[in-house]
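I have placed the structure first, in the form of structure tokens, so that the comments after it can refer back to it.
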């Protein structure tokens, strides 16, 4: 059975949207949060960059401090999953 996603926020960014979600992880036994950037007018074929951040970086501070603007030549979606150590 798939875990339900709870949308935490939606923010307009670089003409696309940054969405934040939370879900309950059955494997880890806790809530996990992740973000995904969706470029404007997403095509059916979008490349995805999975950004695995370090120990002290979260999906939020990556977006606020270190997220470069997406390339304009081709649509790129960025997924920033939670880190687990």
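Residue numbers (full-length UniProt numbering): 1 to 85. Heads up, the beta-carbon is just placed ideally off N, CA and C, and yes, glycines get one too. None of these values were measured; they are calculated from a predicted model.
Could you check how far apart the C-beta atoms of residue 33 and residue 8 are, in whole angstroms? I think they sit under 8 angstroms.
7 angstroms
In or out: residue 45 buried (at least 16 other Cβ within 10 Å) or exposed?
exposed
Alpha carbons only, please: which of 22, 13, 17 and 14 is nearest the one belonging to residue 58?
22
Can you tell me whether DSSP reads residue 45 as helix, strand or coil?
coil
Tell me whether residue 85 sits in a helix, a strand or coil according to DSSP, three-state version.
Legend: pLDDT at residue 85 = 40, less than 50; position of this residue unreliable, no value from coordinates given.
Return the bridge partner residues of residue 19 from the DSSP annotation.
10 and 36
So is the beta-carbon of residue 52 under 7 angstroms away from any non-hydrogen atom of the ligand COA?
In terms of ligand content, the structure shown is empty, and the ligand COA therefore cannot be addressed.
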